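Written below as structure tokens is the structure these notes are about.
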Amino acid sequence: MTEEEQLEQSRRRILALRSDLYRYFVGKNEIIDLMTIAAIAQEPLLLVG
């Protein structure tokens with residue numbers, strides 16, 4: 166598998182996860198996007214509210 170194929174496969178998996186989370190947590194798209202970015206970057210995310 167080439168690097169491009171691996172990247173495309175990873176992208177599809179991330180989008181599928183995000184889509185599932187959108188359905189489960191309706192109306193929380195911005196938080197889901199931030200959590201996804203933080204997880205990919207392996208950085209902490211503080212949610213207050």
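Per my numbering, the very first residue in the sequence shown carries number 166; after that it's consecutive. For every residue, glycine included, the Cβ atom is placed at its ideal position computed from N, Cα and C. As the structure is a prediction and not an experimental result, all values here were calculated from the model.
Going by DSSP, Glu208 is part of no alpha helix (DSSP H) at all; its letter is neither H nor E. With a beta-carbon spacing of about 11 Å, Leu211 and Met200 fall beyond the 8 Å limit used to define contacts.
Residues Thr201, Ile205 of the same chain have their beta carbon placed closer than 8 Å to that of Ile179, with the five preceding and five following residues left out of the count.
In this structure Arg183 is in contact with Ile197, their Cβ atoms being roughly 6 Å apart against a cut-off of 8 Å.
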